[in-house]
Amino acid sequence: MDIADRLTEILDRINSAALRVGRNPDEIQLVAVSKTHPPEAVQEAYEAGQRIFGESRVQELLAKAPSLPSSIRWHFIGHLQANKIRKLLPVSELVHGVDSPELALDIDRVAADLGLFPRVLLEVNVSGEGTKFGFKPDVLRARIDELLALPRVQIEGLMAIPAPVADPEEVRPAFRLLRELRDEISAASGTPLPVLSMGMSGDYEIAIEEGATLVRVGTAIFGHRPKPGAEL
Ligand SMILES: *Cc1c(COP(=O)(O)O)cnc(C)c1O
């Protein structure tokens, strides 16, 4: 199977997972995670119709983007360091992993300088121990009104990277927790937070059953990443 075949199969599975739980498949977008893969692989996926690509390092995104079609929509899915915000904002359509109040405030300040209104998702630590980044649910509850009031940053929803598990079914409670937390803070703040970024190659169908609107899929499209450990 080549990249185009794999994309077709994944879009098909996304469709089926949505229909299984009575969702409209058009609510779900596929982010093709191209980190560590060369521009040629991105181009191949682009030619097969894919438009949204995810990268987790600012330098890599900036190196890749210029040689690729300008209609590609780049999503940043990694841990963002404060000193990279200025370079990232002009090229990324959505920043998935805003993982602390401080980072949100920094992004807001840089966005004001640049005259931008960046779209972001807040990353939640849904696994407790496993992941090192992300808002603890209580911190999110305590700070959400302040963050929603930021003049530049547009918070569109939540994102999570649950700790890896052997059986994808085991991750379902973490996805459900993210959706319930979104419902809760959306109701409490009176703000729609429509986007839920959750699900990767091994578990995106489960994530869709639990409400994902963005699934981030790398390996299932591009194959295994060249260097083990290069994903972070
Ligand atoms: C690498 C990465 C993915 C893609 O993981 P696969 O298992 O290759 O699909 C998704 N989300 C984030 C945040 C990543 O860093």
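Numbering (my numbering) for the sequence shown: 34 to 265.
Every residue gets a Cβ at the ideal spot worked out from N, C-alpha and C, and that includes glycine.
None of the values given here were measured: they were computed from a predicted structure.
Could you tell me whether the Cβ atoms of residue i and residue j are closer together than 8 Å?
i: Leu63; j: Leu44; result: yes
i: Gly82; j: Ile110; result: no
i: Gly190; j: Arg212; result: no
i: Tyr79; j: Pro99; result: no
i: Ser160; j: Ala207; result: yes
i: Gly251; j: Val124; result: no
i: Glu156; j: Ala193; result: yes
i: Phe168; j: Asp132; result: yes
i: Ile140; j: Val186; result: yes
i: Val128; j: Leu113; result: yes
i: Ala144; j: Pro151; result: yes
i: Glu88; j: Lys120; result: no
i: Leu214; j: Leu173; result: yes
Quick check on residue i: does DSSP put it in helix, strand or coil?
i: Gln187; result: strand
i: Glu126; result: strand
i: Phe109; result: strand
i: Val172; result: helix
i: Val159; result: coil
i: Ser133; result: coil
i: Val198; result: coil
i: Pro102; result: coil
i: Leu265; result: In this prediction, Leu265 has a pLDDT of 47, which is less than 50 and means its spatial position is unreliable; what the coordinates show is noted afterwards. It is coil, neither helix nor strand.
i: Glu243; result: coil
i: Asp38; result: helix
i: Val54; result: coil
i: Lys165; result: coil
i: Pro92; result: Looking at the sequence itself, residue 92 is Gln, so the reference to Pro does not match. DSSP places Gln92 in helix when its eight states are reduced to three.
i: Pro225; result: coil
i: Leu149; result: coil
i: Arg258; result: coil
i: Gln114; result: coil
i: Asp141; result: helix
Residues bridged to residue i by DSSP?
i: Ala65; result: Phe86 and Val250
i: Met192; result: Glu156 and Ser230
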